[in-house]
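Here is the structure we will look at.
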């Protein structure tokens, strides 16, 4: 008898941001396969007898290559188990969930997808930065700093449009370059921008500035990955709307 | 003594997609103020004695004007109550949560924001459409078909970029126009596209085609709002990855 894989988004960090459905599925899992951005408190919802397998994915540096993760999930499911594959954020937004699901479906495994609060939405909410706002942004774009060949080859003309919010997943190591390119492609140097480290968790830290000053402020604050970059007029609301006091 | 407002994202439709934190806050609320896209099962998590206030917002046609919603929330909070403001999807993505929060903060009310699964992420997950995918989309953009003056005045050059996924919130009444404009601005007429009605619920229905055929297919299927439009190569994965069988 063949098992079943649930591709579950664990949310942006705070374990309380897991969905009710995600929590129920973890609590009924035979095996939990999880990434390094998933809170240990979410993994701990699994029954004591469930197998827990860490496949810690750190941006470009995967602990386990994607092919091996796929093979592991297939093997576990073919063993007849209820497998919960926990991914940080949402499985279909920069989570490579689509690729894992394709591999599973090709192998004849049935899969269900449980969406999660994606990092951009969760982290912006805790930072007090609305991603859309009638006065500042009619659209929001999520992009990633990593491409297939590892080169920073983004669609700059699209990312540098006015009246939108831009969220960059995991692009902090190339932050100075990103800011320079956005200015080069037409965004004013004074466009508000922020980097949020470990957003939604007790270790959340924020550096705020504009495209000109942000990289220096992030360096001065010693902010490190995992971090999310938000660019756009909405970041100007942060001083008024910030509400989350980590560790308070 | 002054109360407190929790701005809570109720998720895209399926009540099981509410977060653990959202569920706990609703269960402890003195008053719940909710929109028409919020599942009754979420509102029902409130204690029996809690006040339930429907402010049913339907896209452009608000049952209660935004000013009155703001005034209501302020009045409730100033009465010393724990107010949960439930919004469909995520409060900071096309939810006007930023504006509500600004009004509350200006009135001296403390506010916390609980992010939710935004409609795009939730509905795409249930439809089997990854929003990003290394072979198809390095970025995803969320836009809305409504602007401040009601005119369909979107940033077409940005929306029509290749190698991205475009999700349009609530744009179905102008779907033919949207598809035509995207083609006009450079997207191939054969770009896969889908409209999903009442995604993640038992009444989910999908029309799939391309930019040329989509509007006719949506009309033929009698698909109506609330609905979400997804455009991009990732929609081509739908036939293989669709897993959710509503009503099954």
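Protein chains in written order, with the numbering used here: chain A, 248 to 495; chain B, 248 to 495.
Backbone N, C-alpha and C define an ideal beta-carbon position, used for all residues, glycine too.
Since we're looking at a predicted model, the values are computed, not measured.
- Contact with chain A is absent for residue 444 (chain B), since none of that chain's Cβ atoms lies less than 7 Å from the residue's Cβ.
- In this structure, residue 342 (chain A) keeps its C-beta atom at 7 Å or more from the C-beta atom of residue 362 (chain B).
- Shown here for residue 290 (chain A): same chain residues with a beta carbon closer than 8 Å to its own, the five before and five after excluded, namely 273, 279, 281, 299, 333 in chain order.
- Apart from sequence neighbours up to five positions away, the residues of its chain that approach residue 316 (chain A) with a beta-carbon distance below 6 Å are 302, ordered along the chain.
- DSSP, reduced to helix, strand and coil, places residue 451 (chain B) outside both helices and strands of the structure shown, so it counts as coil.
- Taken in chain order, the unbroken stretches of beta strand (DSSP E) that lie wholly in the region 342 to 405 of chain A and span 3 residues or more are 357 to 361, 386 to 391.
- The CB of residue 450 (chain A) never comes closer than 9 Å to any CB in chain B; the least such distance is about 18 Å.
- Contact between residue 329 (chain B) and residue 276 (chain B) is confirmed by a C-beta separation of about 6 Å, below the 8 Å threshold.
- Contact check for residue 285 (chain B) against residue 335 (chain B) passes: the beta carbons are separated by less than 7 Å.
- Look at the region 352 to 382 of chain A: the residues with a C-beta under 8 Å from a C-beta of chain B are 352, 357, 358, 359, 360, 361, 362, 363, 364, 365, 368, 369, 371, 372, 373, 375, 376, 377, 378, 379, 380, 381.
- For residue 443 (chain A), the secondary structure class from DSSP, reduced to helix, strand or coil, is strand.
- Cβ neighbours of residue 459 (chain B) within its own chain (closer than 8 Å, five residues either side excluded): 426, 430, 436, 437.
- Note that the region 254 to 268 of chain B touches the region 343 to 360 of chain B; at least 3 beta-carbon pairs, one per stretch, sit closer than 8 Å.
- Not flagged as an interface residue toward chain B: residue 403 (chain A), since no C-beta distance is shorter than 7 Å.
- Closer than 7 Å to the CB of residue 321 (chain A) there is not a single CB belonging to chain B.
- Taking 7 Å as the threshold, the shortest C-beta distance from residue 384 (chain B) to chain A does not fall below it.
- At a cut-off of 7 Å between C-beta atoms, residue 387 (chain A) counts as an interface residue with respect to chain B.
- By the CB criterion at 7 Å, residue 482 (chain A) and residue 454 (chain A) fall outside the cutoff.
- In this structure, residue 447 (chain B) sits near residue 261 (chain B), with a CB-CB distance shorter than 7 Å.
- Shortest Cα-Cα distance from residue 373 (chain A) to any of B:267, B:358, B:371 involves B:358.
- In terms of Cβ geometry, residue 413 (chain A) and residue 478 (chain A) form a close pair [threshold 7 Å].
- The DSSP-derived three-state label of residue 457 (chain A) is strand.
- A distance below 7 Å separates the beta carbons of residue 470 (chain B) and residue 444 (chain B).
- Taken in chain order, the members of the region 321 to 338 of chain A whose beta-carbon sits within less than 8 Å of a beta-carbon on chain B are 337, 338.
- Neighbourhood of residue 494 (chain A) in chain B, by CB distance below 7 Å: empty, with the nearest CB roughly 16 Å away.
- Excluding the 5 residues flanking it on each side, residue 457 (chain A) has same chain C-beta neighbours closer than 7 Å at 436, 437, 438, 439, 440, in chain order.
- In the DSSP assignment, residue 475 (chain B) falls within the unbroken beta strand (DSSP E) covering 474 to 478.
- The alpha-carbon separation between residue 472 (chain B) and residue 249 (chain A) amounts to approximately 38 Å.
- By the Cβ neighbour-count rule, residue 337 (chain B) is buried, with 16 or more other Cβ atoms within 10 Å of its own.
- Between residue 384 (chain A) and residue 410 (chain A) the beta-carbon gap is near 6 Å, inside 8 Å, which marks them as a contact.
- Judged by DSSP in its simplified three-state form, residue 292 (chain A) adopts coil rather than helix or strand.
- With its beta carbon at least 7 Å from every one in chain B, residue 424 (chain A) lies outside the interface.
- In terms of beta-carbon proximity, residue 264 (chain B) lines the interface with chain A, with at least one pair separated by less than 7 Å.
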